[in-house]
Every structure is written in structure tokens, then in C-alpha cells.
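In what follows, a single structure is set out as C-alpha cells and then discussed.
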Amino acid sequence: MIEGILIGLSTALSLTNILMVMVGCFAGTIIGMLPGLGPMTAIALMIPITYGFDPSTGLILMAGVYYGAVFGGSTSSILLNAPGIPGTVATAFDGYPMAQQGKAGKALAIAAYSSFAGGTISAIFLLVAAPSLSKVSLAFRSPDYFALMILGLTAISAFSSKGQFLKAMMMVVLGLMLATVGQDSLSDITRFTFNNMNLTDGISFVLIVMATFAMSEALTIIFRGKDPNRAAKQISLTELGSIKVNKEETIKMAKTIPRSSILGFLIGVLPGAGATIASFLAYGMERNYVNEEEKQKFGKGSVHGLSAPETANNAACSGSFVPLLTLGIPGSGTTAVMLGALLGFGIQPGPRLYQTNPEIFWSVIMSMYIGMVVLLILNLPLIPYIARILAVPRNYLIPLILFFSVTGIYLMSFNNFDIFLMIGIAVVATFLRLYDFPMPPLILAFVLGGLMEETLRRSLLISDGSPNFLWDRPITLIILIITVVIVFWQIFSTFRKKT
Amino acid sequence: MRISPTKFISLLFLVLSVFYLYTAYNIQVFAFDESAPFNARTFPIYLGWAGIILSSLKIVLPEKVTTEVNHKHLDYKSIIYLIIISLIYAAVILKIGYFISTSLFLFASYYFLGERRWGLMFILSFPFVAAFMYLLHGLLNIYLRDPFLKYIGVMG
């Protein structure tokens, strides 16, 4: 492990990579601050920039963007009560009241310290857990992988659907359908191309991400006529107050951070759960832990109430890298985008990544620490200025997002069919979003589609077409039982609410 | 009888799934693969059935949470303009090149979204795209095809 850490450090500490972490954190913070534009959009917009980089550098940039976007989301939650991403909704519960009391600077500092601590602690967990899990996951066979992917897709549908499980499952099927367009990986038979040569290689992952996130989010902002920057214009540099945290507040944070970090990391590891659930659970857990007097302060500017979700959402971000790096299966929409980008670099994450590309494996982990430090020392003092920069009018912001989306696609293929396709998918996605059809399950399904078909093919061929492979191995059976429990839990909760 | 938009979308998804399943059954596979436990049709057929079952359930089951959208508050005009500009941009990008088409796209988008500060609109279109192209092509060494700039000798 020591050798790996040194490899990671030597890669992550190169001048280019440090610069990339800084750029990533900064860009991520700005994009993450904009309500509606979360880490997935931020990473998607960075993909064209990473084309010219080597895989480690590209991944380090994207990891920096990820943390920056989560941190930026917290900033808009605290200053504007407009969470940039769902994972920072709980941050607004106590962060915004604190800002209204004239302690916005303090709230931002508590959020930054908690994010730093949560991210750093969980990066240590990742450092220990990932290599061990990589070794364990070598024992996984095709049926286990297939079952794991079914579990991941079911879980993300259950957690991201806000009670509309069927809608999310429909998006999963749509994502898998889109993934089947093009040549079959084994027989090279073309499917669903309708004799269009442009579809022979399938639909590009970047195209789907740009269309369903970057472009459709931009269109949604216009469609709903909201200006995410209107509130940002009202922020005055003098209203933020001091960013100093006193001794009493530090003690409160010190109590909250360890338990929220552990919870956040564990939730992050679970497929589909992620930062949103981690932050809400940490907020609820913290409320149960504190004394009656502190409990009364929740929702009115409690330090515990602000620190807990901030710690947990950053811890969950690191945790979500565990299934990606060890199994090659992303547990969240954001890590699905990163998987797609890795595949674009010709790298297949999974248990063997640890052995075949140790510099990537370790440099990503090491860059997490560097990213956390950068966020703390670079972003915190700059927050008031970043908030001012955000007063960019919608009239400029939206065309620039569209421009980055189109450029990303154009750079990939240099043909306009892909741009037309992206516009078409973005329009459909905009309407689907309007009616609460979630997009993360679609992205995860699209990324996993090829691998899922491959593992199902191997499983069926080994079992000679029999479905026995679903229950032959205990691990497959356990994973599928968990999946069935999630499905029945969703049905039960629907039934319970109706009655 | 009024059908809710969610159920209408589910109905469209049902139609899509039926079409997908029909196409899946018609995928041409090799003769020796016809009776194999798994061929190029198998996975799409499962997906087609899954789509039909899920969308049918969504249509049949009562809605627990109804998503209400007030269409009066939606800015259809701006979005239609933006989509048309984007389609024109996609149509001309190969013919007139990346630099000019992108700069014009940005300029037109700013205009149709209500911006009238001409100087700023110009800076954030032509010089901005030039700077971005220099970043990609000049600094990051990412190839950016532009026949027009190549023709006038700006790009190699």
C-alpha cells in the first residue's frame, strides 16, 4: 500500500495535476453554485477539455470538479437558500438561517471545514477499503456482476425517484435501450440503426450526458423562466461577516464530524444512495444525538445541523468511488459519468485496475486529499468573490452552456448528425424532467448497458440458457434478494401512503 | 376523460417499447446463432418486455404523486428560438466552419434571450470563441476541424 501511495503522490503532485485539481475545484465550485447545475453537468462540461490529457490527469480534473461542485452547491444553499444540487438541500436547513442572522461567513467556514474533514476522513477509509475490496471482488463471476448491476439500477431508481419508482425504472429501461443501439459487441450485428451509418458505432456516452444534463438543464432554466443568478446579484461582500469559528463551535463540529463521516462513507458505498441520502440521514441522526437544548436550535442556525450534512455529503462522494474503482460499477449518476469518461480513455475500471493501472487508482485517491486542501485554502477566502462572479446574467450563461455541449460533441466526431441527435434527446429530456422523470437512472443504465448484456450473455452461455445462474451462487442470490426487498419496499411504501 | 401528462408519456413509452420489441424480434442473427441460449436479439427482447410491463403498470395504476406543470408560466417562445438557432448551428457547422458558426450561434442566442449590449455580446462571441479555440488547439493540442480557418491559412 505504501508503494501505491507513493505512486499516487508522485502522479498527483506533478505540477500539471496540481494545476488540474485547482482548476477543477474552482470550475466545479462555480458551476455547482448555480441552482440546477450539479456535479454531473460540471463533469460533463469538462469532458471536452480532458480529451488532450492522459487518463490520470483527466480523472484528477474531473474528481476536482466533483468536489468543487458539491462545495459550490453548499455555498448557494447557505447564501441563497437555493441548493445547487440535491445533496446540499439539508445544508440550507441551518446554513441559510445562519446567513440571515448575519453569520454567512461563519456558516461558509463551518461548511468548508466540515466538507474538508468529511472528505479527508472518508478518503482514508477509501485508501484502506479499496485495495482490500479489489482483492475480494476478484472472486466475483459474471452472474454476480449481473446481479450487482440489477441491484445498482434498482437502488438508484428507488433513491432518486422521490417516490416515483416506476418512472425511474422506465428511465432505466430507456437508458438500456439506448445502449443497445449500434453493433452487438460479440457478433458485430447492427441493431436499431435503421440503416443509418452514423449509428453503427452506437450513441456516444458523452452525447447522452451532454443532452440529458448540460443541454437539457440549460433548456429547463429557460423554459421555467428562472434566473439562477438573480439572487446572487443581491449578495454584498460586506454582509457575509467573519469567517472565524470560535472554540465552542469547533467543539461542536469535532463531535459531529466523525459520526457523520462514517455514515456518509457507508451510504456513499451503497449503489444508488449517494450524497443526498447521506446528508439527510446525517442531519436526522445528528438531531437524535444532541441534547434537548441543541435540538431546539435545529432549523434556526445550529452548528451541528450545518456540519452534519456537509460532512456526510463529502464523505459520500469519496465513498461512491469504492464501487467504481473496485468493481467497475458506478454507484451514482456522477460516478457513472466518470466511468464513461474512463472508458473513453480506454481504461476499464474494476478489480484489476489496482494492478494494471496503479498510477490511476492511487492518483485519484491522492488527488482527493489535495482537492480537499485546495477547496479549503483556495475557495473559502474566495467565496464572496465567486458569489459576485456568479451574477452572470442568464442571457449569457445559457448560450455558453449550449456552446460547451455542442463543442464537446463536435470535437468527438466532427459530424453534425451527432449534434442533431443531441438536440433531439435534450428536447425530449427537458419535457421528461418537467414531469419528474429522473435522469440519473437513465445515465447509469446507459453506461452499464453494454457490460450488463455481456455478463448476462456469459451467465446464460455457462448455464446453457437456464436461469439457474440467478440462484446457483450464494453471492448472486443474496444480491438479488436485496434487489427484491428494495422493489417490495417501494411497492409497500406506495401502498402504505395510499391507505 | 382527461389523461394526465405522466400517463400520456407512459403511453408514448409503451408505444416505443412495442416498436422496440418488434424491431428486436426482427434483428437478423447468424443461422448458427438462431437457437443459441443468447444471441444479438436476447437482451433487446428482455428490454422490450420490461418497457411494456413498466409503462403498462404506470398507465393502469393510480398516481400516488401527480406532477402539475403550469404551462402558462413556461417560456415556450425563448426555448423554440434557442432550439431553432441550435438546429441551424448544427446544420452549418461543417459548411462554414467551427469559428464563424459558433460565434454567430452565441451572438444570436444572446440576442434572442433579450441581450442588447452589443459590445459585450461581440466580446463574448467572436473573441471568446477565438480564445477558446486557441486554448484547445494551441495549448491543449486538441484537434479542432475548421475548413474555413484552414482555407484562409489561420489553422494548419
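Protein chains in written order, with the working numbering: chain A, 563 to 1061; chain B, 2 to 157. We treat Cβ as the ideally placed atom computed from N, Cα and C, and that holds for glycine.
Identified DSSP bridge partners for residue i
i, result
"R753 (chain A)", "A:G744"
Boundaries (first-last residue) of the alpha helix (DSSP H) holding residue i
i, result
"T873 (chain A)", "865 to 881"
"M584 (chain A)", "577 to 595"
"K78 (chain B)", "77 to 97"
"F785 (chain A)", "778 to 785"
"M122 (chain B)", "119 to 124"
"T612 (chain A)", "601 to 612"
"K806 (chain A)", "First-last for K806 (chain A): undefined, no H or E at that position."
"F860 (chain A)", "Unbroken run through F860 (chain A): none, as it is neither H nor E."
"S967 (chain A)", "956 to 975"
"E565 (chain A)", "564 to 574"
"A773 (chain A)", "That residue, A773 (chain A), is in no alpha helix (DSSP H); it is neither H nor E in DSSP."
"V30 (chain B)", "It is not in any alpha helix (DSSP H) - V30 (chain B) carries neither H nor E in the DSSP assignment."
"S5 (chain B)", "Careful: S5 (chain B) lies outside any alpha helix (DSSP H) and carries neither H nor E."
"S56 (chain B)", "43 to 61"
"M759 (chain A)", "Looking at the DSSP string, M759 (chain A) is not in any alpha helix (DSSP H), and its letter there is neither H nor E."
"L905 (chain A)", "895 to 906"
Interface flag, residue i vs chain B, CB-CB below 9 Å
i, result
"S749 (chain A)", "yes"
"V968 (chain A)", "yes"
"F1008 (chain A)", "no"
"S684 (chain A)", "no"
"M732 (chain A)", "yes"
"S1025 (chain A)", "yes"
"I1005 (chain A)", "no"
"E779 (chain A)", "no"
"R703 (chain A)", "no"
"P610 (chain A)", "yes"
"F907 (chain A)", "no"
"K857 (chain A)", "no"
"D706 (chain A)", "no"
"F965 (chain A)", "yes"
"P955 (chain A)", "yes"
"M1014 (chain A)", "yes"
"P961 (chain A)", "yes"
"T800 (chain A)", "Bear in mind that the predicted position of T800 (chain A) carries a pLDDT of just 46, short of 50, making it unreliable; the figure below should be weighed with that in mind. So no, T800 (chain A) is outside the interface."
"D763 (chain A)", "no"
"K665 (chain A)", "no"
"V735 (chain A)", "yes"
Residue-level contact to chain A via CB, residue i, 9 Å cutoff
i, result
"L114 (chain B)", "yes"
"V16 (chain B)", "no"
"V155 (chain B)", "no"
"G52 (chain B)", "yes"
"L150 (chain B)", "no"
"Y26 (chain B)", "no"
"V130 (chain B)", "yes"
"R3 (chain B)", "no"
"I159 (chain B)", "No information on residue 159 (chain B) is available, as it lies outside the stretch 2 to 157 that chain B covers here."
"I84 (chain B)", "yes"
"L55 (chain B)", "yes"
"L105 (chain B)", "no"
"Y99 (chain B)", "yes"
"A32 (chain B)", "no"
For residue j and residue i, believed in contact at Cβ under 8 Å, the rounded distance
i, j, result
"L1006 (chain A)", "G737 (chain A)", "7 Å"
"L940 (chain A)", "M584 (chain A)", "6 Å"
"G586 (chain A)", "V632 (chain A)", "Wrong, their Cβ atoms sit about 12 Å apart, outside the cutoff."
"L1018 (chain A)", "F708 (chain A)", "5 Å"
"M733 (chain A)", "P1003 (chain A)", "5 Å"
"F108 (chain B)", "S126 (chain B)", "4 Å"
Residues that residue i contacts on chain E, provided the C-beta gap is smaller than 9 Å
i, result
"F785 (chain A)", "In the structure shown, chain E does not exist; the protein chains are A and B."
Uninterrupted alpha helix (DSSP H) stretches inside the stretch 911 to 936 of chain A (no shorter than 4 residues): 915 to 918, 920 to 936
Runs of 4 residues minimum, wholly inside the stretch 677 to 712 of chain A: which ones carry the alpha helix (DSSP H) assignment? none
Contiguous alpha helix (DSSP H) assignments of at least 4 residues, all confined to the stretch 127 to 153 of chain B: 127 to 134, 148 to 152
Unbroken stretches of the alpha helix (DSSP H), 4 residues or longer, contained in the stretch 989 to 1039 of chain A: 1002 to 1024, 1031 to 1034
4-residue-minimum alpha helix (DSSP H) runs that sit fully inside the stretch 623 to 660 of chain A, ordered along the chain: 651 to 660
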